[in-house]
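Q: Encoded as structure tokens, here's the structure I'll be asking about.
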Amino acid sequence: MLCSANSIKFSSYNFGFALIRETHSMHLLKKQQYTARLKMATLLCCVLTSCQGVDAQRGLFNFERISLDENFPGGYGVELADIDGDSLLDVVALSINPAQFVWYKNPGWEKYSISTVTAANIDAAPNDIDGDGDVDLVLASGFSLGNSTAGGLMHWLENPGNPTQSQQWQMHSIGQVPTTHRVKWGDINGDGIDELLSLPIIGVGASAPDYSVNVSLRAYQIPQDPKKGSWPSVVLDQSLQMSHGLSIADWNDDGRDDILTASFYGVHLIQLASRGQAVAKQYLAMGNQEKERPAIGSSEIGIGMVDIASSNIVDRRFLATIEPWHGNEVVVYTAGNNRNALWNREVIGDDLSSGHALQIVDLDNDGNDEIVAGGRSEPFQLSIFYFDENEQKWQRSVLDAGGIAVSGLAIGDINADGFKDIIGIGSSSQNVVYYRNPGN
2 MLCSANSIKF SSYNFGFALI RETHSMHLLK KQQYTARLKM ATLLCCVLTS CQGVDAQRGL
62 FNFERISLDE NFPGGYGVEL ADIDGDSLLD VVALSINPAQ FVWYKNPGWE KYSISTVTAA
122 NIDAAPNDID GDGDVDLVLA SGFSLGNSTA GGLMHWLENP GNPTQSQQWQ MHSIGQVPTT
182 HRVKWGDING DGIDELLSLP IIGVGASAPD YSVNVSLRAY QIPQDPKKGS WPSVVLDQSL
242 QMSHGLSIAD WNDDGRDDIL TASFYGVHLI QLASRGQAVA KQYLAMGNQE KERPAIGSSE
302 IGIGMVDIAS SNIVDRRFLA TIEPWHGNEV VVYTAGNNRN ALWNREVIGD DLSSGHALQI
362 VDLDNDGNDE IVAGGRSEPF QLSIFYFDEN EQKWQRSVLD AGGIAVSGLA IGDINADGFK
422 DIIGIGSSSQ NVVYYRNPGN
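Sequential numbering from 2 applies to the sequence shown in the numbering used here.
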């Protein structure tokens, strides 16, 4: 399906869009020696605490739970970035009401303000916007699901260079689209420079319970002078409704980032073309359509790699979602033999309460990705799902039971030990938590 983009042209960008080219890798990894070592380890260690353990077939880990903040009401989003330039990932956290936008310095986790003049903060995205070598932050604020005709402010906040001293970063306007809910960076035209992707959750004028107005997915170019210049933008798609999830990945290994969305209509892949003003769009999964609006579709979306020995699986890639919107299910999608068919759907968990956060990451460095997912309503639960190669099915281990009403997750190697760690932010639990991965 080809959809016209609007007529805005980026002066130094070739914003063409090519047809989707899927590349399938059929190489299943051989791990007999690793599995043998694992079985020996399993004999030695057979019990993990439900709050802090990951009992994975490919390794046995005890995540250490480190509380960074127990007084962060309204917590919503969390990101990782080296804010102070010391080569360590710091934690950026934001909340809606009361509005906070702060960062925690690694490794002591002192808390510093970024801005106190915004309201209803909803999402952030780090990048060196002005090219001075330090990390700046895009902030989406002024969010209200109940007001789809106002708000939706986007600013970038300029890193002062001494962020432990200057705690009111200078703000520069990017644009305004009501209910802007997700902002992410991606090099979608492959020129080596990231574009800013913005996605409102509902269309202008939409209201509960149907929210039956299409949203506008946009890409913004950083202007030559980002402090004073306007940010040229192009509308990439206007066909989705209640689009809650946004993920960026190079789908076909062509050097350009592609876009995955989760909406009332399920999961779509959106790509730029090599020539012409058009977008290539592919329907991958319909999500959960069993109920009435707004409890339909997909809510979060991620992509990962795993070895699944099945005759009808033709790709190591899988998609993971939370379904329906703010739903209870963790769902895995895999591609079948028919490239034009919707992907195969498998529910691997169905007891989330207001599912609101999902990340995909290889926690044990074995080449297979795990799914980290949780909900923000009671009973609070944050879990890790892993593919058991012996049983050939997805298994689950609880990472945190009752300790965090997870609204957002971030993944990164916090302590630079070669293993990815997990950061969670809780809404009603009012906390920011670091789950340290000690490795094998």
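Backbone N, C-alpha and C define an ideal beta-carbon position, used for all residues, glycine too.
It should be emphasised that the depicted structure is a prediction, and the values quoted were computed from it without experimental measurement.
1. Taking proline 99 as the reference, give the member of Asn107, Gly86, Ala121 and Glu111 with the closest Cα.
2. Looking at the strands, I want to know which residues DSSP matches up with valine 332.
3. Report the residue from Ala296, Asn329, Asp363 and Gly413 whose alpha carbon sits nearest the alpha carbon of aspartate 308.
4. With a CB to CB cut of under 6 Å and the five nearest residues on each side skipped, what residues in its chain are close to serine 428?
5. So within the region 140 to 201, which uninterrupted beta strand (DSSP E) runs reach at least 3 residues, ignoring any that extend past its ends?
6. Please classify aspartate 389 as buried or exposed, where buried requires at least 16 neighbouring CB atoms within 10 angstroms.
7. Do asparagine 329 and leucine 359 have their C-beta atoms closer together than 7 Å?
8. Glycine 109: buried (16+ other C-beta within 10 angstroms of its C-beta) or exposed?
9. Leaving out five residues before and five after valine 92 in sequence, what residues of the same chain have Cβ atoms less than 6 Å from its Cβ?
10. Under a Cβ-count criterion, where at least 16 other Cβ atoms within 10 Å of its own Cβ denotes burial, should aspartate 135 be classed as buried or exposed?
11. Tell me isoleucine 405's beta-bridge partners as DSSP assigns them.
12. Less than 6 Å between C-beta atoms, sequence neighbours within five positions excluded: which residues of the same chain meet that for serine 51?
13. At what residues does the beta strand (DSSP E) containing arginine 437 begin and finish?
14. Could you tell me which residues DSSP puts in a beta bridge with leucine 221?
15. Taking only the alpha-carbon atoms, compute the straight-line gap between methionine 155 and isoleucine 123 and give it to the nearest angstrom.
16. Assuming glycine 413 contacts leucine 81 (C-beta within less than 8 Å), just tell me the rounded distance between them.
17. Residues bridged to lysine 106 by DSSP?
18. On the premise that tryptophan 157 lies in contact with valine 178, defined as a C-beta separation below 8 Å, what is that separation, rounded to the nearest angstrom?
19. So, at 7 Å on beta carbons, what are the nonlocal neighbours of arginine 346 in its own chain, with the 5 sequence-adjacent residues on each side left out?
20. Is glycine 375 helix, strand or coil by DSSP?
21. Per DSSP, what kind of secondary structure is threonine 117 in: helix, strand or coil?
22. Skipping 5 residues on each side, what residues in its chain have a beta carbon closer than 6 Å to that of serine 244?
A: Concretely, from the data shown:
1. Ala121
2. Per DSSP, Thr322 and Val348.
3. Asp363
4. Gly76, Arg377, Ala406 and Ser408
5. 154 to 159, 171 to 177, 181 to 187 and 196 to 201
6. exposed
7. no
8. exposed
9. Tyr105 and Ile424
10. buried
11. Per DSSP, none; premise fails for isoleucine 405.
12. Unreliable positioning characterises serine 51 in this predicted model, as indicated by a pLDDT of 35, which lies under 50. A coordinate reading is not provided.
13. 433 to 437
14. According to the sequence shown, residue 221 is tyrosine rather than leucine. Tyrosine 221 is bridged to Leu197 and Ser234.
15. 10 Å
16. About 4 Å separates the beta carbon of glycine 413 from that of leucine 81, a gap short enough to meet the 8 Å contact definition.
17. Per DSSP, Glu111.
18. Not quite, the Cβ-Cβ distance comes to about 15 Å (not below 8 Å), so this is no contact.
19. Ala286, Val332 and Tyr334
20. Secondary structure at glycine 375: strand, using DSSP grouped into helix, strand and coil.
21. coil
22. So the list reads Leu200, Val216, Thr262 and Ser264, once near-sequence residues are dropped.
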